[in-house]
Amino acid sequence: MIAVVGAGIGGLVAGILCAAAGERVVVLERGPRAGGKAGVVTLDGVEVDTGPSVLTLPEVFDDVLRRAGRRLHDEVGLRRPDPATRYLFPGGVVLDVHPDPEATLEATRAALGDEAARELRAFLAHAASIWTHAAPPFVLGPAPTVGHVLSLGPRAWAGVGRIDALRTLAGTIDRRVRTPELRALLGRFATYNGSDLRRTPATMACIAHVELTLGIHGVEGGIHALVQALVRTLEALGGEVRTGCGVDRVLLGGGRARGVRTEAGEELAADAVVVNADVRHLADALLPPRTPHRLPRAEPSTSGWVGILRARRTADRVGHTVLFPERPYVEEFVDLFDRDRPPEEPTVYLCAQERCHGRRGWADHEPVFVMANTPAEPEDGPRDAALWTALEATVLRRLHHAGLAAEDDRIVWRRSPTGLAQAFPGTRGAIYGAASNDRFAAFRRPTNRLRTVPGVYLASGSAHPGGGLPLCALSGREAARALLDDRGLGLPAPR
Ligand SMILES: Cc1cc2nc3c(=O)[nH]c(=O)nc-3n(C[C@H](O)[C@H](O)[C@H](O)COP(=O)(O)OP(=O)(O)OC[C@H]3O[C@@H](n4cnc5c(N)ncnc54)[C@H](O)[C@@H]3O)c2cc1C
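Per the numbering used here, residue -18 is the first one in the sequence shown, and the count goes up by one each step.
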């Protein structure tokens, strides 16, 4: 039997692939339902997503489902609202991003001028080239090692040389883009893995390619519908998800994993354990004391304050909205990373869940997901709750001022970084695992096999290749690949 600790995306994907290879799989989830950070809450009869709102690279999920004999498009409906994202800049400048990149470039020309459109086209070509060269060795396959990259030979090194890893994202934007609005728009992609614009390698410009060229998707019925599709697939393969079933120990014997012990004291024997919980939770709580693990205590990615706005329904709302601050955008990173505090004037992100995901709201009101980036929680305990009350008031004031919320619209659900840290042990509220704040981050991220303890595998945003829905799915796939290779089975092929 394979025991999976946690029913987040990485755990479910690893479970599906092991079950598809013929293994018996039990997923043990401490929360009341599957999904982890991709969670939901029901508010006055209306279900809303409380975590991710943007799906990129859906083909990653299709690959997983095809290995289990299913197709993504048979399991969930994908949506592409147009416009996709409305960016609101200081001085009333508005730029809509569309599913068709040419339409985005045309909108850029109309909003910001010919030179801006030229800059964006050139930047996206650079970002596409980075993705082409960086994705295979750093994202789509097993965890990279310096030795492996060296073993690929001169042709591959030339490709790695093209991923702009020696500059920072801020540096490459400075060099290539003069238009202030575009600089903010492109710089914001550093936050899509919770990193610091001024330190994260320019390789992260590939996120601009993924978001603006490959494009973003909604999921019919909400992102949680994707979680349900994964659970359905796992169960159809004979796998089991036990919710409300926390694990407090990975059991070892003869130097390898032998099973898990639940918080209720039940011991389950298992041939291997896949850990979807954060690697810090594994290191600090799940492994028996003094077990060697070599899991790094890395700088966490950013966290976020999240609210659900019960907003009067209006015709002019778009799927996603990003409201930039009046002050220079880089100040947000100074607050988050240097001053270790929520931004004084936060960028506010909105997702209108009816428009994006075809969710149904209340009679006259729609659910709008609201988020502002914050630092992760300190290592030694939570911040003062008054900070989050103040941040909520600032966010609402900014929404009212920008005309994005009516005076009587209300935040009807909220979760602070402290809440995230409590819900996801070991994370300190960080959303994407470790920050990618230097060029060696990809090499330091834990691999999907815990080398010091045979039989333990890692599948989560805190392991290779990092956080975000598609990357966590890839983490699950790589954990399953390692586990099945070790058992002489191999990953099932896509059908
Ligand atoms: C507010 C927010 C917005 C986001 N927006 C986006 C977005 O738009 N697009 C995107 O791609 N990504 C986004 N993300 C990131 C994305 O949601 C995560 O990277 C991804 O869902 C994490 O998956 P995971 O596999 O790491 O598992 P997690 O979601 O971290 O789940 C781990 C699971 O393990 C369980 N667990 C932990 N410890 C134990 C234990 N001891 N016993 C049993 N179970 C345990 C937890 O309860 C949890 O269910 C967002 C995240 C948040 C929080």
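We treat Cβ as the ideally placed atom computed from N, Cα and C, and that holds for glycine.
For residue i, the nearest candidate out of the options (CA to CA)
{"i": "residue 81", "options": "194, 268 and 345", "result": "194"}
{"i": "residue 346", "options": "438, 390 and 303", "result": "390"}
{"i": "residue 185", "options": "148, 197 and 198", "result": "148"}
{"i": "residue 242", "options": "-9, 8 and 4", "result": "8"}
{"i": "residue 79", "options": "123, 64, 73 and 86", "result": "64"}
{"i": "residue 282", "options": "181, 113, 20 and 109", "result": "181"}
{"i": "residue 101", "options": "274, 162, 143 and 141", "result": "162"}
{"i": "residue 339", "options": "201, 35, 128 and 385", "result": "201"}
{"i": "residue 83", "options": "196, 146 and 42", "result": "196"}
{"i": "residue 178", "options": "419, -5 and 464", "result": "419"}
{"i": "residue 307", "options": "409, 326, 378 and 6", "result": "326"}
{"i": "residue 228", "options": "446, 475 and 406", "result": "406"}
{"i": "residue 442", "options": "124, 111 and 87", "result": "124"}
{"i": "residue 5", "options": "268, 403, 305 and 250", "result": "250"}
{"i": "residue 293", "options": "13, 385, 31 and 397", "result": "385"}
{"i": "residue 336", "options": "344, 468 and 295", "result": "295"}
{"i": "residue 378", "options": "398, 357 and 351", "result": "351"}
{"i": "residue 417", "options": "146, 156 and 127", "result": "146"}
Span of the alpha helix (DSSP H) around residue i
{"i": "residue 45", "result": "39 to 48"}
{"i": "residue -6", "result": "-10 to 1"}
{"i": "residue 311", "result": "311 to 314"}
{"i": "residue 76", "result": "No alpha helix (DSSP H) contains residue 76, which is instead part of the beta strand (DSSP E) from 75 to 78."}
{"i": "residue 85", "result": "82 to 93"}
{"i": "residue 230", "result": "Careful: residue 230 lies outside any alpha helix (DSSP H), inside the beta strand (DSSP E) at 228 to 234."}
{"i": "residue 274", "result": "That residue, residue 274, is in no alpha helix (DSSP H); it is neither H nor E in DSSP."}
{"i": "residue 206", "result": "205 to 217"}
{"i": "residue 136", "result": "135 to 142"}
For residue i, three-class secondary structure by DSSP
{"i": "residue 107", "result": "helix"}
{"i": "residue 112", "result": "helix"}
{"i": "residue 332", "result": "strand"}
{"i": "residue 158", "result": "coil"}
{"i": "residue 399", "result": "helix"}
{"i": "residue 301", "result": "strand"}
{"i": "residue 308", "result": "coil"}
{"i": "residue 263", "result": "helix"}
{"i": "residue 392", "result": "strand"}
{"i": "residue 168", "result": "helix"}
{"i": "residue 191", "result": "helix"}
{"i": "residue 11", "result": "coil"}
{"i": "residue 36", "result": "strand"}
{"i": "residue 237", "result": "strand"}
{"i": "residue 119", "result": "helix"}
{"i": "residue 98", "result": "helix"}
{"i": "residue 124", "result": "coil"}
{"i": "residue 404", "result": "helix"}
{"i": "residue 323", "result": "coil"}
{"i": "residue 72", "result": "helix"}
{"i": "residue 317", "result": "helix"}
{"i": "residue 163", "result": "helix"}
Range covered by the beta strand (DSSP E) that runs through residue i
{"i": "residue 54", "result": "From DSSP, residue 54 is part of no beta strand (DSSP E) but of the alpha helix (DSSP H) over 53 to 56."}
{"i": "residue 294", "result": "Segment: none, residue 294 is in no beta strand (DSSP E) and carries neither H nor E."}
{"i": "residue 223", "result": "221 to 223"}
Bridge partners - residue i, DSSP secondary structure assignment
{"i": "residue 149", "result": "182"}
{"i": "residue 281", "result": "415"}
{"i": "residue 30", "result": "21"}
{"i": "residue 130", "result": "None; residue 130 has no bridge partner."}
{"i": "residue 66", "result": "78 and 301"}
{"i": "residue 248", "result": "242"}
{"i": "residue -17", "result": "6 and 253"}
{"i": "residue 60", "result": "199"}
{"i": "residue 286", "result": "353"}
Short CB-CB distance (under 8 angstroms) between residue i and chain B
{"i": "residue 104", "result": "As a matter of chain content, chain B is missing from the structure shown, which is built from one protein chain."}
Fill in: Length-filtered (4 minimum) alpha helix (DSSP H) runs lying within the stretch 344 to 390
Those alpha helix (DSSP H) runs which fall completely within the stretch 344 to 390 and span 4+ residues are 366 to 382.
Practice prompt. Identify every run of the beta strand (DSSP E) within the stretch 415 to 470, keeping only runs that are complete inside it and at least 3 residues long; order them along the chain.
Written response: Here the runs fully enclosed are 437 to 439.
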